[in-house]
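Residue numbers (the numbering used here), protein chains in the order written: chain A, 1 to 343; chain B, 1001 to 1343.
We put the beta carbon where it would ideally sit given N, CA and C, even for glycine.
One structure is given here, and the rest of the page talks about it.
There are 2 protein chains.
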Amino acid sequence: MTLDPRKQKVLRAVTVDYIYSAEPVASQTIARKYNLGVSPATIRNDMADLETEGYLRQPHTSAGRIPSDKGYRFYVDVLMEPEEVPEATARQVRTALQSQTGGLEVAFRQALRFLSLLTEYTAIVFAPHLKGRQVKNLHLVPLDSRNVVVMLVTDPGFVQSRVVELASPLVEGAAEALSRALTQLLRGTTVGCAGRSLREDLEEVVSDPALRRQLLEMLGAGEEGAAGGGMQAEGATNLFKHPEFRDVERIREFLSLLEGKATLVELLAKIANAGGVTVRIGGENHSADLYPYSLVLAPLACQGRPVGTVGVIGPTRMVYSRSISTVQLVAECLADLLERFGR
Amino acid sequence: MTLDPRKQKVLRAVTVDYIYSAEPVASQTIARKYNLGVSPATIRNDMADLETEGYLRQPHTSAGRIPSDKGYRFYVDVLMEPEEVPEATARQVRTALQSQTGGLEVAFRQALRFLSLLTEYTAIVFAPHLKGRQVKNLHLVPLDSRNVVVMLVTDPGFVQSRVVELASPLVEGAAEALSRALTQLLRGTTVGCAGRSLREDLEEVVSDPALRRQLLEMLGAGEEGAAGGGMQAEGATNLFKHPEFRDVERIREFLSLLEGKATLVELLAKIANAGGVTVRIGGENHSADLYPYSLVLAPLACQGRPVGTVGVIGPTRMVYSRSISTVQLVAECLADLLERFGR
DNA sequence: GCTTAGCACTCTCGGCACGAGAGTGCTAAG
DNA sequence: CTTAGCACTCTCGTGCCGAGAGTGCTAAGC
């Protein structure tokens, strides 16, 4: 069931040509541009075979061929020649991200900008969510007698803070004592798993009801924190440069895909547990919404545990080689960053 | 130079009809639907006059009329009947926003969601920027011996925090002493106006170079903080429901307007100092990028000082009456919130 | 048996003409 | 000043046509 060598060459030629031209590829074009040493007629026969085997599609009779999802998959797995990110560019990205002092959120945003700039697709990140992270530290910082900042630090160095208006004023020194007690109580607790016992323990330690409610909320359902529990995207407009987005309906679909998030988050969450760069092509996503898109995604881990996913989304007609190396680069930089913060 | 009463009625009819139908309005349509008691021919004459006076435009000969910017302006200032937000909806918005405990960022985001939902346009907020705010409090919270969270609290209760890796370990108790010293030094300082003297003072108080750099950065150029120093938008896809966005070029323009931000931020910053709801129609914005859009904007203030702007952006063919009342409602809720945090 | 030249066939796409429909502007009468 | 009537203009949808692109098939060649 393997493809004979010439058919592989034809499939590669069709794929590469279509990726760059966005036009169905004709047998003659291949004969002219990629010298396989055979005539258009022969190529035509191979293309017909490749179509019956499911690697190519024809938009309509008497048009050239374009790769099917299966064709892209074979291309990515077997035929594609890897493309390195130019060393100069790579260095630039690395230094920019490593010298980042503005905290993880800012670094993530910058990573997205790089990704969308270098690939010309839309960069997405499923930011490390607080849910599932362990509490490292909890601090109360009094602003004045009635207001206090609650600061929750979780595992890889995410800081989430909120201002609480207390029901009754704090006495001098109470904040520090409470901070110590709470940190001791909560250290190691997993955010999002606020069990009954925790609730009872809190009632003992914290007398102020407003503060207690706020703490429970922060430790609770894993809401979007400052680090962005949800998904972020950058460069949505990039996609509109590509001819598959000539019509408005497609644009609307794509934007509501990004805004709706649910479909994407589900996929990104799954990938967070994968190893290495994953390529998902069109229908492989088993979701009608994602059918016209391909994604190149890399998991993010901190001390061996998965914390999120980063990558790009674009049309199935994607420059996979470049996307893969770029995503890899950016993911590595972010991994370094996560280790640095995660100590 | 004032318009005679019947012409006003005609102008109102054309505007209202066009706002809802998005089709050029014919004299006969007006005669049929808005009974002004005159024949289409008379209305035609009035429309011709209104056109020479600049209130109406004709997309091409033998099409109906549509309002010009000047026409919309007259409609908004004189002809429009105010439309209240239904009490039930208003109550819902108020309670949802007032019971918000997740800090200003979350509340702002929710406000945007309401706005975009209720108006069907794109909601934007120029979030209170730290630049220009006064420092209220500065705290250092040690995480372990080498890492410390720097937390900067500015005037209306914005919290900005970053993790710093110190050049040399902290001794016990040093963090608290430093926090006190820094708060005393910095209280009342305006963020973004880090003068030379401040820099010298910091050198005396803070010996750690990494920490010093971080502090200067946070106090410095007024970068985007956690509260979002820049602009946020919600519901960009809303606009694509409207027929003026049938073609891809317009969509791309709009999205890059939102992503580019500069043009909008400039306008929003100006409005931040205004009083009450401001309506900007098309060309009134004196910016080619904004020419096809109208904005309904309200300033946000805290203790009498301007801190930002909130509103919606949509096509000039906008349901102004509804937009105005909705923006007003949301702005009031946010003002309450700002007062609560600003104590 | 694989490759290839030749040719008929199919499908898309741009251009053009045409007619219907919508709406105006003008004129002249009420 | 208002209005009926009518000619005029412009858009838009439709159908037609021809050019061009590309294939599939057949039969001949190696």
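TODO: State the CB to CB distance for the pair B/V1135 and B/L1186, rounded to an integer number of angstroms; the pair is presumed to be in contact (CB under 8 angstroms).
DONE: Here residue 1135 of chain B refers to the residue found at position 135 of the second sequence. Here residue 1186 of chain B refers to the residue found at position 186 of the second sequence. Indeed they touch by this definition, with Cβ atoms about 5 angstroms apart.
Open item on the list: For B/L1079 and B/V1014, which I take to be in contact (beta-carbon distance under 8 angstroms), what is that distance rounded to the nearest angstrom?
Closed with: The sequence position of residue 1079 of chain B within the second sequence is 79, counting from 1. The sequence position of residue 1014 of chain B within the second sequence is 14, counting from 1. Actually they do not touch by this definition, with Cβ atoms about 10 angstroms apart.
Open item on the list: With H, G and I counted as helix, E and B as strand and the rest as coil, what does DSSP make of B/G1228?
Closed with: Numbered from 1 along the second sequence, position 228 holds the residue referred to as residue 1228 of chain B. Unreliable placement is indicated for B/G1228, whose pLDDT of 43 sits below 50; no coordinate value is reported for it.
- [ ] Identify the contact partners of A/I251 in chain B, using a Cβ-Cβ distance below 8 angstroms as the criterion.
- [x] Mapped onto the first sequence, residue 251 of chain A falls at position 251. F1240, V1248, I1251, listed in chain order.
TODO: Could you check the C-alpha separation between A/A262 and A/F254 for me, to the nearest Å?
DONE: Position 262 of the first sequence holds residue 262 of chain A. Position 254 of the first sequence holds residue 254 of chain A. Between A/A262 and A/F254, the C-alpha separation is close to 13 angstroms.
Open item on the list: Between A/A233 and chain B, is the shortest Cβ-Cβ distance under 8 angstroms, so that the two count as touching?
Closed with: Here residue 233 of chain A refers to the residue found at position 233 when the first sequence is read from its first residue. Judged by the 8 angstroms Cβ criterion, A/A233 is not in contact with chain B.
TODO: Just mark A/K33 as buried or exposed, buried being the case when its beta carbon has 16 or more other beta carbons within 10 Å.
DONE: Here residue 33 of chain A refers to the residue found at position 33 when the first sequence is read from its first residue. Exposed, by the Cβ-count rule.
Task: Chain-ordered chain B contacts of A/S256 [CB-CB under 8 angstroms] - done: Walking along the first sequence from the start, residue 256 of chain A turns up at place 256. Residues of chain B passing the Cβ test: T1237.
- [ ] Kindly list, in the order they appear in chain A, the residues whose Cβ is closer than 8 angstroms to that of B/F1114.
- [x] The residue you call residue 1114 of chain B lines up with position 114 of the second sequence. Within 8 angstroms Cβ-Cβ: nothing; B/F1114 doesn't reach chain A, min ~15 angstroms.
- [ ] Note down, in chain order, all residues in the segment 137–151 of chain A with a beta-carbon under 9 angstroms from any beta-carbon belonging to chain B.
- [x] So the list reads N137, H139, V141, P142, L143, D144, R146, N147, V149, M151, given in the order they occur along the chain.
- [ ] Report all residues from its chain with a CB closer than 7 angstroms to the CB of A/Q8; omit the five preceding and five following residues, and keep chain order.
- [x] Numbered from 1 along the first sequence, position 8 holds the residue referred to as residue 8 of chain A. Only L79 meet the Cβ criterion.
Open item on the list: Strictly under 8 angstroms for the Cβ-Cβ distance: is A/F259 near chain B by that measure?
Closed with: Residue mapping note: residue 259 of chain A aligns to position 259 of the first sequence, counting from 1. Residue identity differs from the one stated: residue 259 of chain A is Glu in this sequence, not Phe. Yes, A/E259 counts as interfacial toward chain B.
- [ ] Please classify A/V191: does DSSP put it in a helix, a strand, or coil?
- [x] Your numbering for residue 191 of chain A matches position 191 in the first sequence. Three-state DSSP puts A/V191 in coil, outside helix and strand.
Task: Closest by C-alpha distance to B/V1312, when choosing among B/V1279, B/R1073, B/E1053 - done: The residue labelled residue 1312 of chain B in the question sits at position 312 within the second sequence. Checking every option, the nearest Cα to that of B/V1312 belongs to B/V1279.
Open item on the list: So with CB distances below 7 angstroms, who are the chain B contacts of A/S168?
Closed with: As a position in the first sequence, residue 168 of chain A is number 168, starting the count at 1. Simply none; closest approach about 16 angstroms.
Open item on the list: List, in chain order, every chain B residue whose beta-carbon is nearer than 7 angstroms to that of A/V159.
Closed with: Looking up residue 159 of chain A in the first sequence gives position 159. Under the 7 angstroms cutoff, chain B gives V1149, S1161, V1163.
TODO: For B/Q1098, count neighbouring C-beta atoms within 10 Å of its own C-beta (all shown protein chains included) and say buried if the count is 16 or more, exposed if not.
DONE: Here residue 1098 of chain B corresponds to residue number 98 of the second sequence, with the count starting at 1. Exposed, by the Cβ-count rule.
Open item on the list: Using CA atoms only, rank isn't needed, just tell me which of B/Q1303, B/V1310, B/S1325 is closest to B/E1339.
Closed with: As a position in the second sequence, residue 1339 of chain B is number 339, starting the count at 1. The candidate whose alpha carbon is nearest that of B/E1339 is B/Q1303.
- [ ] Buried or exposed for B/L1334, please, with buried defined as at least 16 other CB atoms from any protein chain shown within 10 angstroms of its CB.
- [x] By one-based count along the second sequence, residue 1334 of chain B stands at place 334. That one is buried.
TODO: With a threshold of 16 other CB atoms inside 10 Å of the CB of B/E1204, please say whether the residue is buried or exposed.
DONE: As a first step, residue 1204 of chain B is located in the second sequence; it is residue number 204 there, counting from the start. So B/E1204 counts as exposed.
Task: alpha helix (DSSP H) runs wholly inside the segment 1243–1324 of chain B, at least 4 long, in chain order - done: 1248–1260, 1262–1271
Open item on the list: Cutting at 7 angstroms between CB atoms, please list the residues of its own chain near A/A274, excluding the five before and the five after it.
Closed with: As a first step, residue 274 of chain A is located in the first sequence; it is residue number 274 there, counting from the start. Same-chain partners within the cutoff: P299.
TODO: Determine the direct distance from the alpha carbon of B/V1159 to that of A/D208, and round the result to whole angstroms.
DONE: What you label residue 208 of chain A is simply residue 208 of the first sequence in a count that begins at 1. What you label residue 1159 of chain B is simply residue 159 of the second sequence in a count that begins at 1. Distance between the alpha carbons of A/D208 and B/V1159 is about 22 angstroms.
TODO: Give me whichever residues DSSP pairs with A/H139 in a beta bridge.
DONE: On the first sequence, residue 139 of chain A is found 139 positions in, with the first residue counted as 1. Per DSSP, the beta-bridge partners of A/H139 are A/M151.
- [ ] Less than 8 angstroms between the CB atoms is what I'm expecting for A/E244 and A/R317, so what's the real figure, rounded?
- [x] Here residue 244 of chain A is taken as the residue at index 244 of the first sequence, counted from 1. Here residue 317 of chain A is taken as the residue at index 317 of the first sequence, counted from 1. Confirmed, about 7 angstroms.
TODO: For A/A123, name the three-state secondary structure that DSSP assigns.
DONE: Walking along the first sequence from the start, residue 123 of chain A turns up at place 123. DSSP places A/A123 in strand when its eight states are reduced to three.
Task: Rounded C-alpha distance that separates A/S179 from A/T119 - done: To locate residue 179 of chain A, count along the first sequence from 1; it is residue 179. To locate residue 119 of chain A, count along the first sequence from 1; it is residue 119. Those two C-alpha atoms are separated by around 46 angstroms.
Task: Presumed contact (8 angstroms Cβ cut-off) between B/E1081 and B/S1321, rounded CB distance - done: Taking the second sequence and counting its residues from 1, one reaches residue 1081 of chain B at position 81. Taking the second sequence and counting its residues from 1, one reaches residue 1321 of chain B at position 321. Sure, about 7 angstroms apart at Cβ, within 8 angstroms.
Open item on the list: I'd like to know if B/S1108 contacts chain A, where contact means its C-beta is closer than 8 angstroms to some C-beta of that chain.
Closed with: Residue mapping note: residue 1108 of chain B aligns to position 108 of the second sequence, counting from 1. For clarity, residue 1108 of chain B is Phe in the given sequence; the question names Ser instead. Chain A contact via Cβ: absent.
Open item on the list: If you measure between the beta carbons of A/D46 and A/V16, is that distance less than 8 angstroms?
Closed with: Within the first sequence, the letter at position 46 stands for residue 46 of chain A. Within the first sequence, the letter at position 16 stands for residue 16 of chain A. No.
Task: Residues that B/F1245 contacts on chain A, provided the C-beta gap is smaller than 8 angstroms - done: The residue you call residue 1245 of chain B lines up with position 245 of the second sequence. Near B/F1245 (Cβ distances below 8 angstroms), the residues of chain A are V248.
TODO: Identify every residue that forms a DSSP beta bridge with B/A1233.
DONE: For the purposes of this step, residue 1233 of chain B is taken as the residue at position 233 of the second sequence. In DSSP, B/A1233 forms a bridge with B/I1124.
Task: Length at least 4, wholly inside the segment 1002–1074 of chain B: the alpha helix (DSSP H) runs in chain order - done: 1005–1021, 1027–1033, 1040–1052, 1069–1074, all fully within the segment 1002–1074 of chain B.
Task: 8 angstroms contact criterion, which B/A1272 and B/F1126 should meet: CB distance rounded - done: The sequence position of residue 1272 of chain B within the second sequence is 272, counting from 1. The sequence position of residue 1126 of chain B within the second sequence is 126, counting from 1. Indeed they touch by this definition, with Cβ atoms about 7 angstroms apart.
Open item on the list: Distance check for B/V1265 and B/P1292, CA to CA, integer angstroms please.
Closed with: If you number the second sequence from 1, residue 1292 of chain B lands on position 292. If you number the second sequence from 1, residue 1265 of chain B lands on position 265. In a straight line, the C-alpha of B/P1292 is about 17 angstroms away from that of B/V1265.
Open item on the list: Let's test the definition: count the other Cβ atoms within 10 Å of the Cβ of B/P1005 and tell me whether it reaches 16, buried, or not, exposed.
Closed with: The residue labelled residue 1005 of chain B in the question sits at position 5 within the second sequence. Per the 10 Å Cβ criterion, exposed.
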